[in-house]
Structure formats: C-alpha cells, structure tokens
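Report on one structure; see the data block that follows.
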Amino acid sequence: MDVETRKMVLRMIPYGLYVLTAKGADGAIAAATVNWVTQTAFEPPLVVVGVKADSGVYDILGKAGHFALNMLGKGQQGMAFAFFKAAEADGETINGEPYRAGTTGAPLLANAPAALECKVAEIVARGDHHIVVGEVVDASQTTPPEGRPDEAILEMKDLGEKVFYGG
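In my numbering, the protein residues as written are 179 to 345.
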C-alpha cells in the first residue's frame with residue numbers, strides 16, 4: 179500500500195470538532211479538541227469518541243467514568259486551537275474559556291453552542307487511540323443552530339489549508 183495515497187484517502191473523511199472535557203474525583207480537569215466522534219445508537223443514545231491512549235484526557239475520563247462533548251460552532255476556530263494544548267484550569271476557566279459543571283460534574287464550556295454529557299459505557303483498547311463508548315445522559319444547548327444542525331458544527335477544514343488529522 180502506498181502510504182501517501184492511504185493518508186490522502188483517509189483525510190477525505192469529514193471531521194467535526196469538539197472539546198472533550200472530564201473532571202476526576204480528585205478535582206483534576208482535562209480538556210482536548212477531538213474529532214473522531216459519531217453517534218452509534220438511538221436507544222440507548224450512544225456516541226463513540228477516539229481518544230489518544232497516552233493523553234491526560236484519556237487518563238482522567240477513564241477514572242471519572244463520565245465526560246462531556248462540547249460542540250464547537252462555525253467561527254470557533256480559536257477555541258479549537260486553545261484545546262490542542264494541555265488543559266490548564268484557573269478558577270472557573272479552562273485554557274481561558276469559562277465553564278460550569280454539568281450534571282455529571284464534567285465541565286461544560288460556556289461559549290460552546292451545545293454539549294452532550296456521557297457516562298463511559300465501554301472502552302475499546304486498540305491502536306494509539308482508544309474508542310470510548312459513551313451513553314448520553316444529558317444534553318444542553320446555549321445557542322440554537324440556524325438551519326440544519328449538522329451544518330452548524332465547526333469542521334476540520336475550517337481550520338485552514340494546512341491542518342489535517344488522520345491518515
């Protein structure tokens with residue numbers, strides 16, 4: 179298999195952008211921009227997220243047993259880039275973004291248009307990113323989308339010509 183062709187073909191998969199947040203029982207907060215997300219079941223409502231296995235967010239969400247997916251809307255490129263680096267909590271902000279505790283205790287970013295809160299149902303440990311299956315236990319919305327909801331999400335392609343993930 180030609181490696182460059184494989185990379186190009188895998189990069190043809192469209193990716194939305196989200197900030198996954200979690201808070202451990204010890205109060206440790208983690209947050210990271212993620213893009214491997216999809217809904218996998220209606221009843222119960224399940225989502226899956228690919229999370230880098232050696233990351234701080236993976237460690238904390240595994241211990242916490244819950245997490246939030248904060249949806250990023252069009253125009254929120256700055257927030258996506260803010261969570262490409264390690265999370266730093268300072269008072270009621272993470273990486274400069276205000277948050278509040280959700281019903282599970284996971285941080286909900288105040289400037290994200292919507293969020294899902296999930297309990298960890300299963301983790302599939304394969305490869306360098308593990309698949310976290312989350313059962314949706316709550317949903318919140320701060321800004322209703324205009325038009326189709328699936329067109330309101332910030333996408334990887336919105337970050338510029340040289341920003342890719344996958345391959």
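Cβ atoms here follow ideal geometry from the backbone N, Cα and C, with glycine treated the same way.
Task: At least 3 beta-carbon pairs within less than 8 Å: the region 247-266 vs the region 279-291 - done: Three or more pairs of CB atoms, one per stretch, sit closer than 8 Å, so the region 247-266 contacts the region 279-291.
- [ ] May I ask which residues mark the beginning and end of the beta strand (DSSP E) holding Leu287?
- [x] It spans 285-287 - the beta strand (DSSP E) in which Leu287 sits, taken as one unbroken run.
TODO: Taking all protein chains shown into account, decide if Val212 is buried (16 or more other Cβ within 10 angstroms of its Cβ) or exposed.
DONE: Counting every other CB atom within 10 Å of its CB across the protein chains shown gives Val212 a total of 16 or more, marking it as buried.
- [ ] Starting from the Cα of Phe261, find the closest Cα among Ala299, Leu195, Ala206 and give me that residue.
- [x] Measuring from the Cα of Phe261, the nearest candidate turns out to be Leu195.
Task: For Phe220, three-class secondary structure by DSSP - done: Reduced to three states, the DSSP call for Phe220 is coil.
Open item on the list: For Gly274, count the other beta carbons within 10 Å of its own beta carbon; 16 or more makes it buried, fewer makes it exposed. Which is it?
Closed with: Gly274 should be labelled exposed.
Task: C-beta contact flag for Ala284 and Ala246 at 8 Å - done: Cβ atoms of Ala284 and Ala246: closer than 8 Å.
Open item on the list: With a threshold of 8 Å, are at least 3 pairs of Cβ atoms found where one atom belongs to the region 222-230 and the other to the region 293-308?
Closed with: Contact annotation: the region 222-230 touches the region 293-308, with at least three C-beta pairs closer than 8 Å.
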